[in-house]
Amino acid sequence: MSVPGPGCSAVTPAESKQDKLVSKLEEVIQSLEKEDEHLSPEDKLISCLENVIRRISDADISGGKRNTGKPIKFKDAVGRRFSFPYYRCETWAGIEELIKLAFLHVEIVGPHVREGHYDLMNPAGEVILPQVWEDHVEPGWSISMSMWPIPGPIPRTPPSPVHVIVDRGPPPPSPPPSSYPPRPAHTYGPGFDWFISEKKGIRGLWKKLTGIDTVGGIGDINSLYK
Numbered sequence: 002m003s004v005p006g007p008g009c010s011a012v013t014p015a016e017s018k019q020d021k022l023v024s025k026l027e028e029v030i031q032s033l034e035k036e037d038e039h040l041s042p043e044d045k046l047i048s049c050l051e052n053v054i055r056r057i058s059d060a061d062i063s064g065g066k067r068n069t070g071k072p073i074k075f076k077d078a079v080g081r082r083f084s085f086p087y088y089r090c091e092t093w094a095g096i097e098e099l100i101k102l103a104f105l106h107v108e109i110v111g112p113h114v115r116e117g118h119y120d121l122m123n124p125a126g127e128v129i130l131p132q133v134w135e136d137h138v139e140p141g142w143s144i145s146m147s148m149w150p151i152p153g154p155i156p157r158t159p160p161s162p163v164h165v166i167v168d169r170g171p172p173p174p175s176p177p178p179s180s181y182p183p184r185p186a187h188t189y190g191p192g193f194d195w196f197i198s199e200k201k202g203i204r205g206l207w208k209k210l211t212g213i214d215t216v217g218g219i220g221d222i223n224s225l226y227k
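In this text, residue positions in the sequence shown follow the working numbering: the first is 2, and each later residue adds one.
Structure below.
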């Protein structure tokens, strides 16, 4: 590998972006050299090499992270499959935004996704916490999604019983009085009890009463046993 001279002569530009970046860096270094004319040629060379190496390393790291040839394969909670550019999934905020867009018009599950009620798992089935996502994610990963348990509807409290108070109406009217006059009670003389016992009960009484008018009452009980 040829080492640039003290003046840090420009390297022949190549077609790659990395070579173009190095060429631009050298131009910047040359402009800085004019301001640092008091430095020795050796110090200038060392400074140029350090700057170029540092810039190339940064460019390699940036280019490796944005490797569009190895996208992230994503399978969501409803079985759909997506392919996301890796540089969009390097951070948790980046992949979270893509997942929200994927569930923008999905009913029932969509609101829970927007609230972050899910886990992301690596190809081994291990859950990756958002706090360590950037330390584990790699290009070409196959990531799956698992929703947290969705709570059911809140049971409604049964309504309190309603007590209905019905005012009682007036009592029903009394039956109309009878149109027939009450029949007078029959009275018997003081010897009636003796008469029944004397004639051997009610049979003897019936024999004596046969043929006697009882409309106005039995009458004088003494006439029955004369």
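Don't be surprised by glycine CBs; every beta carbon is placed ideally from N, CA and C.
Quick caveat, the model's predicted, so the values are computed rather than measured.
Opening and closing residue of the alpha helix (DSSP H) in which residue i lies
i, result
"Lys101", "Trp93 to Ala103"
"Glu135", "Trp134 to His137"
Spatially closest choice to residue i from the options, by CA coordinates
i, options, result
"Pro150", "Glu27, His118 and Glu98", "His118"
"Glu98", "Arg115, Val110 and Ser84", "Arg115"
"Gln31", "Lys21, Cys49 and Asp20", "Cys49"
"Arg82", "Asn52, Ile47 and Trp142", "Trp142"
"Asp120", "Ile57, Val138 and Ile129", "Ile129"
"Lys76", "Asn123, Pro177 and His106", "Asn123"
"Arg56", "Pro172, Gln19, Ile144 and Pro171", "Gln19"
Residues sharing a beta bridge with residue i, DSSP
i, result
"Ser143", "Lys74"
"Tyr119", "Met148"
"Ser84", "Lys74"
"Ile129", "Leu121"
Distance, residue j Cα to residue i Cα
i, j, result
"Asp44", "Ser24", "20 Å"
"Leu88", "Gly80", "In the sequence as displayed, the identity of residue 88 is Tyr instead of Leu. Distance between the alpha carbons of Tyr88 and Gly80: 23 Å."
"Leu102", "Glu91", "17 Å"
"Leu26", "Glu127", "43 Å"
"Ile54", "Trp134", "29 Å"
"Val110", "Lys71", "29 Å"
"Lys21", "Lys74", "32 Å"
"Pro162", "Ser175", "38 Å"
"His113", "Leu46", "59 Å"
"Ile100", "Asp136", "20 Å"
"Ile144", "Glu28", "44 Å"
"Pro178", "Pro172", "17 Å"
"Gln132", "His106", "28 Å"
"Glu139", "Glu51", "29 Å"
"Pro160", "Pro152", "23 Å"
"Glu108", "Thr158", "27 Å"
"Pro42", "Ser58", "24 Å"
"Met148", "Ala125", "17 Å"
The beta strand (DSSP E) enclosing residue i, as first and last residue numbers
i, result
"Arg89", "Run containing Arg89: none; DSSP gives neither H nor E here."
Anticipated Cβ contact below 8 Å, residue i with residue j, distance rounded
i, j, result
"Ala94", "Met146", "Wrong, their Cβ atoms sit about 16 Å apart, outside the cutoff."
"Ile96", "Phe85", "7 Å"
Residue i at chain B interface by Cβ criterion, 9 Å
i, result
"Pro112", "Chain labels in this structure do not include chain B; a single protein chain is all it has."
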